[in-house]
Amino acid sequence: MKIIILGSGQVGATLAENLVGEQNDITLVDTNLDKLRNLQDRYDLQVVHGHASHPDVLKKAGAEDADMIVAVTNSDEVNIVACQVAYSMFNTPLKIARIRTNQYLKYRDELFHKDDMPVDHFIAPEALVTNYIRRLIDYPGALQVVEFAEGKVSLVAVRAYYGGLLVGHALSALKEHMPNIETRVAAIYRRGNAIKPLGTTIIEADDEVFFVAATKHIRAVMSELQKLERSYRRIMIAGGGNVGFGLARALEKTHSVKLIERSKERAEFLASSLDSTLVYVGDISDPELLEEESVEQIDVFIAVTNDDEANIMSAMLAKRMGAQKTMVLIKRGAYVDLLQGGEIDIAISPQQATISALLTHIRRGDIVNVYSLRRGAAEAIEAVVRGDSSTSKVAGKAIGNLKLPPGTTIGAIVRGDEVLIAHDSTVIETDDHVILFMVNKKHIVEVEKLFQVSAIFI
Numbered sequence: 000m001k002i003i004i005l006g007s008g009q010v011g012a013t014l015a016e017n018l019v020g021e022q023n024d025i026t027l028v029d030t031n032l033d034k035l036r037n038l039q040d041r042y043d044l045q046v047v048h049g050h051a052s053h054p055d056v057l058k059k060a061g062a063e064d065a066d067m068i069v070a071v072t073n074s075d076e077v078n079i080v081a082c083q084v085a086y087s088m089f090n091t092p093l094k095i096a097r098i099r100t101n102q103y104l105k106y107r108d109e110l111f112h113k114d115d116m117p118v119d120h121f122i123a124p125e126a127l128v129t130n131y132i133r134r135l136i137d138y139p140g141a142l143q144v145v146e147f148a149e150g151k152v153s154l155v156a157v158r159a160y161y162g163g164l165l166v167g168h169a170l171s172a173l174k175e176h177m178p179n180i181e182t183r184v185a186a187i188y189r190r191g192n193a194i195k196p197l198g199t200t201i202i203e204a205d206d207e208v209f210f211v212a213a214t215k216h217i218r219a220v221m222s223e224l225q226k227l228e229r230s231y232r233r234i235m236i237a238g239g240g241n242v243g244f245g246l247a248r249a250l251e252k253t254h255s256v257k258l259i260e261r262s263k264e265r266a267e268f269l270a271s272s273l274d275s276t277l278v279y280v281g282d283i284s285d286p287e288l289l290e291e292e293s294v295e296q297i298d299v300f301i302a303v304t305n306d307d308e309a310n311i312m313s314a315m316l317a318k319r320m321g322a323q324k325t326m327v328l329i330k331r332g333a334y335v336d337l338l339q340g341g342e343i344d345i346a347i348s349p350q351q352a353t354i355s356a357l358l359t360h361i362r363r364g365d366i367v368n369v370y371s372l373r374r375g376a377a378e379a380i381e382a383v384v385r386g387d388s389s390t391s392k393v394a395g396k397a398i399g400n401l402k403l404p405p406g407t408t409i410g411a412i413v414r415g416d417e418v419l420i421a422h423d424s425t426v427i428e429t430d431d432h433v434i435l436f437m438v439n440k441k442h443i444v445e446v447e448k449l450f451q452v453s454a455i456f457i
């Protein structure tokens with residue numbers, strides 16, 4: 000596909016990195032020439048220096064025959080206008096925009112139409128991050144939780160600890176421990192390396208285990224890998240921006256929530272807009288404030304300001320002062336691997352959440368959900384089976400007979416309202432939703448081709 004990416008910030012650059020090796024023709028547009036040159040030196044792509052919404056710039060970038068435009072500049076208005084120009088002047092088939100301002104999102108149904116503001120898909124990063132954190136709070140002890148098939152199936156990453164019933168035993172023992180619950184281990188990472196999960200594989204302490212199960216069974220499966228943590232009740236949020244505000248609003252009905260915000264004006268807005276959340280004005284790294292607000296009684300301390308260093312330092316301080324768990328929003332990808340697992344229990348990359356949403360609309364074949372995992376190295380996808388045995392490479396075939404790319408596992412199939420955990424003998428049917436995990440996303444093109452319908456020539 001020919002794809003034009005508008006904006007070479009963290010999201011634009013990461014998206015380009017994800018797509019250049021997948022038989023795509025990528026052009027990157029930005030006003031920062033140094034950034035463009037740096038990215039052109041690193042990746043096989045074209046660059047155009049200029050304003051992303053200007054017609055001449057889009058024409059130079061190849062908008063006349065582009066398959067899609069992905070507008071991810073730092074300006075919502077530029078992204079929206081760029082989509083309008085692409086539609087009006089170049090008839091670009093697919094237009095995706097990152098939109099962060101709540102006023103636009105609040106009235107999205109009225110605003111974004113083909114004849115008004117022709118944005119085919121919009122990505123709201125703050126909402127994506129808020130939902131991501133909410134799922135982690137719903138499943139204490141999980142490192143990552145992603146949902147498929149309208150929430151019927153989940154893929155969960157957990158750290159195996161001593162005390163977990165399965166630790167020190169083979170995967171085959173799962174069935175003995177839970178005869179009435181089915182699950183499939185999709186991948187295991189041991190000391191940073193992926194190992195293929197077999198029935199004979201022994202789970203070791205500190206393994207990072209990805210498993211697929213019906214969402215209602217997630218807690219039961221987690222108990223096999225680690226001692227279940229009690230549900231989180233007391234939450235402290237550091238930072239009252241869009242993410243902190245959205246998170247407090249989502250949690251305050253079911254949790255006791257405290258929120259710390261530096262700006263007095265913003266704090267007053269938060270206090271008037273939230274119902275039961277206690278809002279404090281102050282520095283999130285102030286030990287006196289944390290002590291006054293009994294941080295030692297907090298179940299989860301969540302730092303979500305726009306400053307990586309402030310998030311990291313405040314979370315480390317909160318953990319040393321007694322907070323049970325810490326979650327930190329970190330924009331710099333290099334920090335994520337360095338920090339997670341010590342005093343920072345979970346490091347969250349907003350870029351990965353945004354990239355996942357973007358890839359959902361970019362992937363070929365009938366792919367309806369994509370999640371970028373392990374800092375972009377792995378992917379989990381949900382693909383819908385179309386066609387029949389004469390036009391589809393998967394319909395009517397048993398999973399054991401499919402030629403899946405290396406490191407690719409089918410974890411589950413959703414058929415209507417029924418969740419089927421995958422076995423070699425399971426036969427895939429038309430309209431099934433197939434949940435796959437790829438240890439190495441470089442095989443995505445092969446997976447896409449599996450779910451593309453072939454034409455029949457008579």
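Residues 0 to 457 (numbering that gives the first Met the number 0) make up the sequence shown, in order. Note that CB positions come from ideal geometry on N, CA and C, so glycine has one too.
Measuring only the C-alpha atoms, how far is residue i from residue j?
{"i": "residue 458", "j": "residue 428", "result": "With the chain running from 0 to 457 in the structure shown, residue 458 is simply not present."}
{"i": "residue 459", "j": "residue 355", "result": "Since the first residue of the chain shown is 0 and the last is 457, residue 459 is not available in this structure."}
{"i": "residue 49", "j": "residue 400", "result": "51 Å"}
{"i": "residue 456", "j": "residue 24", "result": "The predicted model places residue 456 with a pLDDT of 36, which falls under 50 and marks its position as unreliable, so this point remains unresolved."}
{"i": "residue 314", "j": "residue 393", "result": "47 Å"}
{"i": "residue 198", "j": "residue 217", "result": "20 Å"}
{"i": "residue 89", "j": "residue 308", "result": "43 Å"}
{"i": "residue 224", "j": "residue 230", "result": "17 Å"}
{"i": "residue 258", "j": "residue 278", "result": "5 Å"}
{"i": "residue 170", "j": "residue 348", "result": "30 Å"}
{"i": "residue 134", "j": "residue 59", "result": "43 Å"}
{"i": "residue 19", "j": "residue 39", "result": "11 Å"}
{"i": "residue 415", "j": "residue 205", "result": "36 Å"}
{"i": "residue 114", "j": "residue 121", "result": "16 Å"}
{"i": "residue 7", "j": "residue 161", "result": "44 Å"}
{"i": "residue 9", "j": "residue 17", "result": "12 Å"}
{"i": "residue 353", "j": "residue 195", "result": "28 Å"}
{"i": "residue 386", "j": "residue 341", "result": "49 Å"}
Take residue i and list the residues in its own chain whose beta-carbon comes closer than 6 Å to its own, dropping the five residues that flank it on each side.
{"i": "residue 438", "result": "186, 193, 377 and 406"}
{"i": "residue 11", "result": "4 and 71"}
{"i": "residue 1", "result": "24, 65 and 66"}
{"i": "residue 280", "result": "263 and 266"}
What residue from the options has the CA that sits closest to residue i's CA?
{"i": "residue 253", "options": "443, 36, 136 and 19", "result": "136"}
{"i": "residue 188", "options": "423, 452 and 373", "result": "373"}
{"i": "residue 426", "options": "411, 416, 436 and 440", "result": "411"}
{"i": "residue 491", "options": "283, 256, 106 and 264", "result": "Given that the chain is displayed from residue 0 to residue 457, the structure contains no residue 491 and the question cannot be resolved."}
{"i": "residue 423", "options": "408, 413, 179 and 159", "result": "408"}
{"i": "residue 237", "options": "288, 388, 92 and 223", "result": "288"}
{"i": "residue 211", "options": "156, 171, 177 and 174", "result": "156"}
{"i": "residue 363", "options": "39, 222, 448 and 352", "result": "448"}
{"i": "residue 233", "options": "161, 303 and 139", "result": "139"}
{"i": "residue 273", "options": "179, 304, 241 and 351", "result": "241"}
{"i": "residue 146", "options": "442, 368 and 421", "result": "368"}
{"i": "residue 418", "options": "213, 384 and 358", "result": "213"}
{"i": "residue 104", "options": "440, 127, 14 and 451", "result": "127"}
{"i": "residue 441", "options": "221, 346, 371 and 158", "result": "371"}
{"i": "residue 379", "options": "43, 68 and 153", "result": "153"}
Consider the C-beta atom of residue i and the heavy atoms of the ligand ATP; say whether any pair is separated by less than 6 Å.
{"i": "residue 244", "result": "The ligand ATP is not part of this structure, which contains no ligands at all."}
Excluding the five sequence neighbours on either side, which residues of its own chain have a C-beta within less than 7 Å of the C-beta of residue i, listed in chain order?
{"i": "residue 22", "result": "444"}
{"i": "residue 52", "result": "77, 80, 81 and 84"}
{"i": "residue 284", "result": "309, 312, 313 and 316"}
{"i": "residue 270", "result": "278"}
Excluding sequence positions up to five away, which residues of its chain have a Cβ less than 8 Å from the Cβ of residue i?
{"i": "residue 116", "result": "79, 82, 83 and 110"}
{"i": "residue 176", "result": "164, 165 and 223"}
{"i": "residue 56", "result": "28, 47, 49 and 50"}
**Q.** beta strand (DSSP E) runs contained entirely in the region 347 to 426, provided each spans 3 or more residues
**A.** 366 to 372, 377 to 383, 407 to 414 and 417 to 420
Q. Counting Cβ pairs closer than 8 Å, one from the region 290 to 306 and one from the region 317 to 328, do we hit at least three?
A. yes
Q. Can you give, in chain order, each stretch of the alpha helix (DSSP H) that sits fully within the region 215 to 253 and has at least 4 residues?
A. 217 to 224 and 241 to 250
Q: Could you say if the region 169 to 188 and the region 239 to 253 meet the contact criterion of at least three C-beta pairs nearer than 8 Å?
A: no
**Q.** Sequence ranges, beta strand (DSSP E) only - wholly within the region 1 to 29, length at least 3
**A.** 1 to 5 and 24 to 29
**Q.** Stretch pair the region 198 to 207 + the region 158 to 169: three plus CB contacts closer than 8 Å
**A.** yes
Q: Give, in chain order, every unbroken run of the beta strand (DSSP E) that is at least 3 residues long and sits entirely within the region 288 to 328.
A: 299 to 302 and 324 to 328
Q: Taking only runs that begin and end inside the region 162 to 205, name each unbroken beta strand (DSSP E) of 3 or more residues, in chain order.
A: 182 to 189 and 192 to 194
Q. Taking the runs of the alpha helix (DSSP H) that are 4 residues or longer, which of them lie wholly in the region 67 to 95?
A. 75 to 89
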